[in-house]
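Take a look at the structure below.
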Amino acid sequence: MSKYYLYQDEKRCISCRSCEVQCKVNKGLGVGPKPNKVAAVGPVIRSGQAMATYVFTACHHCEDPYCVQACPVGAVQKRPRDGIVFIDQELCVGCRSCIMACPWGAPQWDEEKGVAVKCDYCKDRIDAGLEPACVTACPTNSLLFGPAERMPDVKRVRYIRKRFTGNV
């Protein structure tokens with residue numbers, strides 16, 4: 001697994017899709033591919049009202065990624081130092097093997113560039129000490145990013161707040 005974890009507090013997400021837009025801007029992508037997506041799930045009943053829940057999805061940066069194994073030219077790689085899975089655009093020949101191999105649909109086809117693209121946690125930003133573009137773009141702070149070992153604390157704090165105050 002990746003050294004990092006991207007956590008979504010789905011109760012805060014308003015489906016503005018700022019995360020999707022900022023990801024595309026950061027990667028210089030056009031209309032087609034979406035390295036991350038917000039999907040409506042539901043309806044669910046909350047306080048007696050039917051409401052949708054919005055779920056953020058991106059690459060899981062798997063421990064043993066099928067996309068890496070499937071790439072015949074080594075364009076899809078996993079960084080040893082932090083486990084981030086990325087596609088080297090210079091090496092990609094556009095065979096789409098990674099797209100077919102991923103059970104989560106993380107690699108996407110970029111028709112304009114003729115290569116596959118995917119979430120790489122904005123590795124260039126991480127290397128510069130910044131958070132991924134999607135996280136910084138979220139106006140409701142629905143997305144949290146950090147070391148994987150720190151994320152269980154986020155979940156515990158959320159549970160305690162909900163349990164004892166009724167608020168998240």
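Its first residue numbered 1, the sequence shown is counted upward by one per residue in UniProt numbering. C-beta atoms are modelled at their ideal positions from N, C-alpha and C, and glycine is treated no differently. Keep in mind the model is a prediction, meaning the values are calculated, not measured.
Could you give the first and the last residue of the continuous beta strand (DSSP E) run that contains residue i?
i   : result
R46 : 37-46
On the premise that residue j lies in contact with residue i, defined as a C-beta separation below 8 angstroms, what is that separation, rounded to the nearest angstrom?
i    : j   : result
P72  : S97 : 6 angstroms
A128 : I87 : Not quite, the Cβ-Cβ distance comes to about 20 angstroms (not below 8 angstroms), so this is no contact.
K118 : P65 : Not really, about 10 angstroms apart at Cβ, beyond 8 angstroms.
When DSSP labels each residue in this structure, what does residue i get in the three-state scheme?
i    : result
Y5   : strand
A50  : strand
I87  : strand
V76  : strand
V115 : strand
V25  : helix
If we count the other Cβ atoms within 10 Å of its Cβ and call it buried at 16 or more, is residue i buried or exposed?
i    : result
L6   : buried
V25  : exposed
K120 : It is worth fixing the name first, because residue 120 is Asp in this sequence and not Lys. Buried is the call here.
L143 : buried
N141 : exposed
E20  : buried
Q69  : exposed
E63  : exposed
V76  : buried
Which residue comes first and which comes last in the alpha helix (DSSP H) that contains residue i?
i    : result
A133 : 133-137
D127 : 123-127
V31  : Note, V31: premise wrong, no alpha helix (DSSP H); not H, not E.
C98  : 97-101
C67  : 66-70
For residue i, which option in the options has the closest C-alpha, if you only look at C-alpha atoms?
i    : options            : result
S2   : C92, I126, E112    : I126
H61  : V85, Q108, G105    : V85
P132 : K11, I14, K27, D9  : K27
T53  : C23, G30, I14, Q22 : I14
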